[in-house]
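What follows is one structure encoded as structure tokens, with my remarks underneath.
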Amino acid sequence: MTFNAVEAADYCKCHPETIREHIREGRLKASKPGRAYCITLSALDAFLKDLANNQLQTSLKSRSEEKCLYINEKMACGMLISQHRVAGELDKPLALKTSKKHKGSTTN
27 MTFNAVEAAD
37 YCKCHPETIR
47 EHIREGRLKA
57 SKPGRAYCIT
67 LSALDAFLKD
77 LANNQLQTSL
87 KSRSEEKCLY
97 INEKMACGML
107 ISQHRVAGEL
117 DKPLALKTSK
127 KHKGSTTN
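For the sequence shown, the working numbering gives the first residue as 27, with consecutive numbering after it.
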């Protein structure tokens with residue numbers, strides 16, 4: 027079964043110029059024996075499958091990037107909190123040493 031651009035547009039539920047644009051850019055395989063494009067059913071089905079796969083891949087990338095940002099933000103917050111805890115623990119022994127009086131000092 028073959029379609030022209032208008033019939034292919036009806037099949038794909040889009041505008042005929044959109045079909046022609048996809049053909050010109052090489053995303054949809056078609057022949058042009060005369061003035062009109064000739065598109066096979068298998069070419070249309072392959073095009074629609076590729077289009078759906080590309081949209082799915084794009085959405086997965088987007089969700090993956092969002093998830094990575096969320097994880098990185100949580101890690102950054104966790105690192106800041108743990109760095110403050112470590113700094114506090116290290117400051118405790120130093121505070122004890124500096125609060126003691128030196129042997130040679132005199133008090134008035």
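C-beta atoms are modelled at their ideal positions from N, C-alpha and C, and glycine is treated no differently.
Only a predicted model underlies this, so the values are computations on that prediction, with no experimental measurement involved.
Q. Which same chain residues, not among the five before or five after K55, have their C-beta less than 6 Å away from its C-beta?
A. Locating residue 55 in the sequence shown gives position 29, where the first residue counts as 1. Within the same chain, A69 come within 6 Å of K55 by CB-CB distance, once the 5 residues on both sides are set aside.
Q: Could you tell me if H48 is buried or exposed, where buried requires 16 or more neighbouring beta carbons within 10 angstroms of its beta carbon?
A: Within the sequence shown, residue 48 is the residue found at index 22, counting from 1. By the neighbour-count criterion, in which 16 or more other beta carbons inside 10 Å mark a residue as buried, H48 falls on the buried side.
(Q) To the nearest angstrom, how far is the alpha carbon of K75 from that of P59? (A) Taking the sequence shown and counting its residues from 1, one reaches residue 75 at position 49. Taking the sequence shown and counting its residues from 1, one reaches residue 59 at position 33. Their Cα atoms are separated by approximately 25 Å.
Q: Given a cut-off of 8 Å, decide if Y63 and A35 are closer than it, judged by their beta-carbon atoms.
A: Reading the sequence shown from its first residue, position 9 is the one you call residue 35. Reading the sequence shown from its first residue, position 37 is the one you call residue 63. Result no, Cβ atoms of A35 and Y63 do not sit closer than 8 Å.
Q.
Tell me the rounded alpha-carbon separation between H41 and E51.
A. Stepping through the sequence shown from its first residue, residue 41 is reached at position 15. Stepping through the sequence shown from its first residue, residue 51 is reached at position 25. If you take the alpha carbons of H41 and E51, they lie about 16 Å apart.
Q) Does DSSP put C38 in a helix, a strand or coil? A) Residue mapping note: residue 38 aligns to position 12 of the sequence shown, counting from 1. Helix, per DSSP.
(Q) Less than 8 Å between the beta carbons of R53 and F73, yes or no? (A) Residue mapping note: residue 53 aligns to position 27 of the sequence shown, counting from 1. Residue mapping note: residue 73 aligns to position 47 of the sequence shown, counting from 1. In this structure, F73 lies closer than 8 Å to R53 by Cβ.
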